Amino acid sequence: MVALVGPNGAGKTTLLSIAAGLLRPTSGEVTVLDGCRPGSAAARTGIGFVAQDAPLYQHLPAGDMVAVAAKLNDSFDADWALARLKELRIALRQKVGALSAGQRAQLALTLAIAKRPRLLLLDEPMAALDPLARHEFMALLMAAVAECGPTVVFSSHQVSELERVADYLIVLNEGRLQVAGPVDDLLDAHRVLIGPAGNSLEAEKFAVVQATQAAAQSQLLVRADDRAGPVPPGWLSQPAGLTDIVLAYLRDPGQSALPKPELAVNAAGGSR
Amino acid sequence: MTATEVPGVAAVLERSRRLTWVTWRQHRTSLLVMAGLFGLAAVFMAVDGLVTRHQLAALRLEVSRGLLAYSLDRQLVLGTLELLPVLAGLLLGAPLVAGETEKGTVRFAWTQRTGRGSWLLAQVIPVAAGLALAAAALSLEFGWWSRPYQEQGTWGHWWFNLNPLPYAGWMVLGSSACSSSSRSAGWSCCPPCWWRPPSR
Numbered sequence: 001m002v003a004l005v006g007p008n009g010a011g012k013t014t015l016l017s018i019a020a021g022l023l024r025p026t027s028g029e030v031t032v033l034d035g036c037r038p039g040s041a042a043a044r045t046g047i048g049f050v051a052q053d054a055p056l057y058q059h060l061p062a063g064d065m066v067a068v069a070a071k072l073n074d075s076f077d078a079d080w081a082l083a084r085l086k087e088l089r090i091a092l093r094q095k096v097g098a099l100s101a102g103q104r105a106q107l108a109l110t111l112a113i114a115k116r117p118r119l120l121l122l123d124e125p126m127a128a129l130d131p132l133a134r135h136e137f138m139a140l141l142m143a144a145v146a147e148c149g150p151t152v153v154f155s156s157h158q159v160s161e162l163e164r165v166a167d168y169l170i171v172l173n174e175g176r177l178q179v180a181g182p183v184d185d186l187l188d189a190h191r192v193l194i195g196p197a198g199n200s201l202e203a204e205k206f207a208v209v210q211a212t213q214a215a216a217q218s219q220l221l222v223r224a225d226d227r228a229g230p231v232p233p234g235w236l237s238q239p240a241g242l243t244d245i246v247l248a249y250l251r252d253p254g255q256s257a258l259p260k261p262e263l264a265v266n267a268a269g270g271s272r
Numbered sequence: 273m274t275a276t277e278v279p280g281v282a283a284v285l286e287r288s289r290r291l292t293w294v295t296w297r298q299h300r301t302s303l304l305v306m307a308g309l310f311g312l313a314a315v316f317m318a319v320d321g322l323v324t325r326h327q328l329a330a331l332r333l334e335v336s337r338g339l340l341a342y343s344l345d346r347q348l349v350l351g352t353l354e355l356l357p358v359l360a361g362l363l364l365g366a367p368l369v370a371g372e373t374e375k376g377t378v379r380f381a382w383t384q385r386t387g388r389g390s391w392l393l394a395q396v397i398p399v400a401a402g403l404a405l406a407a408a409a410l411s412l413e414f415g416w417w418s419r420p421y422q423e424q425g426t427w428g429h430w431w432f433n434l435n436p437l438p439y440a441g442w443m444v445l446g447s448s449a450c451s452s453s454s455r456s457a458g459w460s461c462c463p464p465c466w467w468r469p470p471s472r
């Protein structure tokens, strides 16, 4: 489960649209599903895509929307999709346009999962949802992942809601890859150091991502690699939350945390 | 690899059938409305053509005078018939591809297994073919209906013969991917659609 995070205009939608085969990269190259060209028949078979705002045919009843998706795909588990709609209490005769935003997102997700894809691309699927609908959407997604095991790439500008579910985090900023790595590694590799105000001397050993000076203390978000050694006396070390880490990087586009710099340089260059 | 990538004829037919169903399901309301309008025009011309012939035979009208007055009414009918291509463009052509681009639903349609090429063909071909067939039938009927007037010379040669071509033209223009509804409407009213073949 990959979380794709970034501010508005960072290139998340562009990158996902390229991966889904809707756009062509102006430069660079994107491959999906072990070397398939996005938009190729194999890629279209193996990828389930839910575009931003979950576009579906508003004038069709939900049941017919399932039939349309079934006819547009060679393998489509219509029975499974209809069973999900029943669970979600979406009447088959209800027009898609009359569904709530939450129900529409659920329907779009159901249609994408019923393709039995190996890769599920979701472009800000929860942006328009209220907290309860977000929770229900997440539940459907997690159940489907547990059941069929697709890789999920999930874009959002809400880090907090991904923190509990994402295994891998990608931060895109200004069309550039800024952070990429397993969530656990990123959490392990960052610490928050709290110490006396104005005293940044001791902290120089550490790679400081962000320094916040308050009246009585300084707070540093640092990359805690092995060379840094123990925390200097007078400083308190705390684990960093994923939200803190992401925000710190987004505030300073010059910083980056990439697992393999030589590979990651401009890996997202094609997203612009 | 080749078995999956080069589908047999049966598979292609099966897929076309499925895709045509999608097109029908998406647009069936406007297709039915258009069919109804065509049907109305056809029935009107059939009844009116028979009545005209009956009256001509019974009354042996002083044709050049009598038919002139009569045919003035019928010129209004012609005006109405000329609206059919406009309606075809607006009702069938514009929503077909332009409407989907505009609403963003192509992001759904084009990322399914079918892909955009087959999808486009399955959207445009059945509707365009149906429209051309209906227009061809209607133009034959129009020729029959208007024959008494043409024989009497009350209508000049310049009168428009309903022709399948303008209809297909409307369709294609309407469905050409315009990005906004105002533009799709604008396209439907654009002059090339008013082109008609020279009369016999």
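From first to last, the protein sequence lines stand for chains V and U.
1 is the number of the first residue of the first sequence in my numbering; add one for each residue after it.
273 is the number of the first residue of the second sequence in my numbering; add one for each residue after it.
No residue lacks a Cβ here, since even glycine has one placed at the ideal position from N, Cα and C.
These numbers come from a predicted model, not from an experiment.
Residue i versus residue j: straight-line alpha-carbon distance, rounded
{"i": "G181 (chain V)", "j": "L187 (chain V)", "result": "10 Å"}
{"i": "T377 (chain U)", "j": "V323 (chain U)", "result": "49 Å"}
{"i": "M306 (chain U)", "j": "H157 (chain V)", "result": "46 Å"}
{"i": "D130 (chain V)", "j": "Q103 (chain V)", "result": "11 Å"}
{"i": "D167 (chain V)", "j": "A406 (chain U)", "result": "58 Å"}
{"i": "Q219 (chain V)", "j": "V209 (chain V)", "result": "11 Å"}
{"i": "R176 (chain V)", "j": "V152 (chain V)", "result": "21 Å"}
{"i": "T386 (chain U)", "j": "S160 (chain V)", "result": "36 Å"}
{"i": "T352 (chain U)", "j": "G402 (chain U)", "result": "21 Å"}
{"i": "V222 (chain V)", "j": "F49 (chain V)", "result": "36 Å"}
{"i": "S448 (chain U)", "j": "Q58 (chain V)", "result": "Caution applies to S448 (chain U), whose pLDDT of 49 falls short of 50 and renders its modelled position unreliable; the value that the coordinates give is listed next. When rounded, the distance between both Cα atoms is 21 Å."}
{"i": "G195 (chain V)", "j": "W235 (chain V)", "result": "4 Å"}
{"i": "R44 (chain V)", "j": "A133 (chain V)", "result": "28 Å"}
{"i": "L33 (chain V)", "j": "G21 (chain V)", "result": "13 Å"}
{"i": "V369 (chain U)", "j": "I397 (chain U)", "result": "12 Å"}
{"i": "A83 (chain V)", "j": "G149 (chain V)", "result": "19 Å"}
{"i": "G35 (chain V)", "j": "S390 (chain U)", "result": "24 Å"}
{"i": "A42 (chain V)", "j": "A114 (chain V)", "result": "16 Å"}
{"i": "S451 (chain U)", "j": "L350 (chain U)", "result": "Residue placement at S451 (chain U) cannot be trusted, given a pLDDT of 32 that sits under 50; what the coordinates show is reported in the next sentence. Whole-angstrom Cα-Cα distance: 33 Å."}
{"i": "Q276 (chain V)", "j": "D64 (chain V)", "result": "A query on residue 276 (chain V) cannot be resolved here, the shown segment of chain V reaching from 1 to 272 and no further."}
{"i": "L250 (chain V)", "j": "A366 (chain U)", "result": "43 Å"}
{"i": "A257 (chain V)", "j": "T383 (chain U)", "result": "32 Å"}
{"i": "L111 (chain V)", "j": "P125 (chain V)", "result": "13 Å"}
{"i": "F316 (chain U)", "j": "V358 (chain U)", "result": "19 Å"}
{"i": "T13 (chain V)", "j": "A128 (chain V)", "result": "15 Å"}
{"i": "L285 (chain U)", "j": "A394 (chain U)", "result": "12 Å"}
{"i": "V231 (chain V)", "j": "Q217 (chain V)", "result": "16 Å"}
Inter-residue CB distance, residue i and residue j (contact presumed, cutoff 8 Å)
{"i": "Q106 (chain V)", "j": "F76 (chain V)", "result": "That belief does not hold up - the Cβ atoms of Q106 (chain V) and F76 (chain V) are roughly 17 Å apart, past 8 Å."}
{"i": "V165 (chain V)", "j": "M1 (chain V)", "result": "6 Å"}
{"i": "R191 (chain V)", "j": "A224 (chain V)", "result": "4 Å"}
{"i": "V66 (chain V)", "j": "A54 (chain V)", "result": "No, V66 (chain V) and A54 (chain V) are not in contact; Cβ-Cβ is about 14 Å, not under 8 Å."}
{"i": "K71 (chain V)", "j": "L291 (chain U)", "result": "7 Å"}
{"i": "L363 (chain U)", "j": "S302 (chain U)", "result": "4 Å"}
Residue(s) in a DSSP beta bridge with residue i
{"i": "P420 (chain U)", "result": "Bridge partners of P420 (chain U): none, in fact."}
{"i": "A207 (chain V)", "result": "V:R223"}
{"i": "Y168 (chain V)", "result": "V:V2, V:P182"}
{"i": "G387 (chain U)", "result": "None; G387 (chain U) has no bridge partner."}
{"i": "R176 (chain V)", "result": "V:N173"}
{"i": "S75 (chain V)", "result": "Per DSSP, none; premise fails for S75 (chain V)."}
{"i": "Q255 (chain V)", "result": "Note: Q255 (chain V) sits in no beta bridge, so no partner."}
Element boundaries [alpha helix (DSSP H), containing residue i]
{"i": "F137 (chain V)", "result": "131 to 148"}
{"i": "G245 (chain V)", "result": "Checking the sequence, you will find Ile at residue 245 (chain V) rather than Gly. Its alpha helix (DSSP H) spans residues 242 to 251."}
{"i": "G371 (chain U)", "result": "370 to 375"}
{"i": "F380 (chain U)", "result": "378 to 381"}
{"i": "V192 (chain V)", "result": "That residue, V192 (chain V), is in no alpha helix (DSSP H); its beta strand (DSSP E) goes 190 to 196."}
{"i": "G102 (chain V)", "result": "101 to 114"}
{"i": "V68 (chain V)", "result": "62 to 72"}
{"i": "L16 (chain V)", "result": "12 to 19"}
{"i": "R84 (chain V)", "result": "78 to 87"}
{"i": "L162 (chain V)", "result": "160 to 163"}
Residue interval of the beta strand (DSSP E) (run including residue i)
{"i": "F154 (chain V)", "result": "151 to 156"}
{"i": "S237 (chain V)", "result": "236 to 239"}
{"i": "L119 (chain V)", "result": "119 to 123"}
{"i": "G46 (chain V)", "result": "First-last for G46 (chain V): 41 to 46, but that is the alpha helix (DSSP H), not the beta strand (DSSP E)."}
CB contact flag (residue i, residue j, <9 Å)
{"i": "L121 (chain V)", "j": "L16 (chain V)", "result": "yes"}
{"i": "L109 (chain V)", "j": "A62 (chain V)", "result": "no"}
{"i": "I18 (chain V)", "j": "P25 (chain V)", "result": "yes"}
{"i": "A214 (chain U)", "j": "L410 (chain U)", "result": "Nothing in the structure corresponds to residue 214 (chain U), since chain U is present only between 273 and 472."}
{"i": "A197 (chain V)", "j": "A214 (chain V)", "result": "yes"}
{"i": "V5 (chain V)", "j": "V171 (chain V)", "result": "yes"}
{"i": "R388 (chain U)", "j": "A51 (chain V)", "result": "no"}
{"i": "L141 (chain V)", "j": "L88 (chain V)", "result": "no"}
{"i": "V246 (chain V)", "j": "R297 (chain U)", "result": "no"}
{"i": "L119 (chain V)", "j": "G9 (chain V)", "result": "no"}
{"i": "L309 (chain U)", "j": "L356 (chain U)", "result": "yes"}
{"i": "G311 (chain U)", "j": "W416 (chain U)", "result": "no"}
Per-residue contacts from residue i into chain B (C-beta, under 7 Å)
{"i": "P55 (chain V)", "result": "Absence of chain B from the displayed structure is noted, the protein chains being V and U."}
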